[in-house]
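Visitor:
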Amino acid sequence: MLKQIIATIALAAAAGPAFAQDASEIARVQSGDSCPRCNLFQADLAYMDLSDIDVSGARLRQSDMQLSTFDDWNLSGANISVANLFGARFNRADFTSASLERATLVGAYFGSSTFTKANLSGANLSGADLSIAKGLTQQQLDTACGDPSTRLPAGLSVRACR
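Take a look at the structure:
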């Protein structure tokens, strides 16, 4: 029994740093460099103009990306859950298979961005412009919420946020 407890504690201690943010990787992205599969947990990317960056498969959970420009970003497979994308601009960004679960996309612009198989569960799309986004389905939008100012491709709708 004691061996099991020690093994559990050792495993938990070893796994801990894997969840912490990596300041050097965040700095790379803040300076405009790509960083696929990087740990950008809680990264401060607010009020920046960063274009043509590959962060595919990266962990951007709880990141602050508000009021920034992220044109031509590759976010495919990235974890962007519980992140703040308020008022951000994403022209031609790739969100294929990305998780935007419980993210705040209020007032964000997604011109020609791709959302194929993206997880929008619990995401707030109020005031967001997804009118020319690609790959969005009604099934994805049924798990998100928005408001009357949310702009979607023709034939799609989103329920009101509470």
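Here the sequence shown stands for residues -20 to -1, 1 to 142, where the numbers follow mature numbering (1 follows the signal peptide of the UniProt record, and there is no 0).
Quick reminder that beta carbons are idealized off the backbone N, C-alpha and C, glycines included.
If we count the other Cβ atoms within 10 Å of its Cβ and call it buried at 16 or more, is S4 buried or exposed?
Guide: The residue in question, S4, is exposed, as its Cβ has fewer than 16 Cβ neighbours within 10 Å.
Visitor: With a 10 Å radius around its C-beta and 16 neighbouring C-beta atoms as the bar for buried, classify I112 as buried or exposed.
Guide: Under this definition I112 is an exposed residue.
Visitor: Please report the straight-line C-alpha distance between V138 and T76, rounded to a whole angstrom.
Guide: Each residue's alpha carbon lies about 20 Å from the other.
Visitor: Which residue's Cα is closest to the Cα of L55: I33, C141 and L47?
Guide: Minimum Cα distance to L55 is reached at I33.
Visitor: Within 10 angstroms of its Cβ, does Q120 collect 16 or more other Cβ (buried), or is it exposed?
Guide: With 16 or more other Cβ atoms within 10 Å, it is buried.
Visitor: Determine the direct distance from the alpha carbon of L20 to that of S61, and round the result to whole angstroms.
Guide: Rounded to whole angstroms, S61 to L20 spans 12 Å at the Cα level.
Visitor: I need the boundaries of the alpha helix (DSSP H) containing E5, first residue and last residue.
Guide: A3 to Q10 is the span of the alpha helix (DSSP H), which, as asked, contains E5.
Visitor: Return the CA-CA distance between C125 and F70, expressed in angstroms with no decimal places.
Guide: Taking the straight line from one Cα to the other gives about 19 Å.
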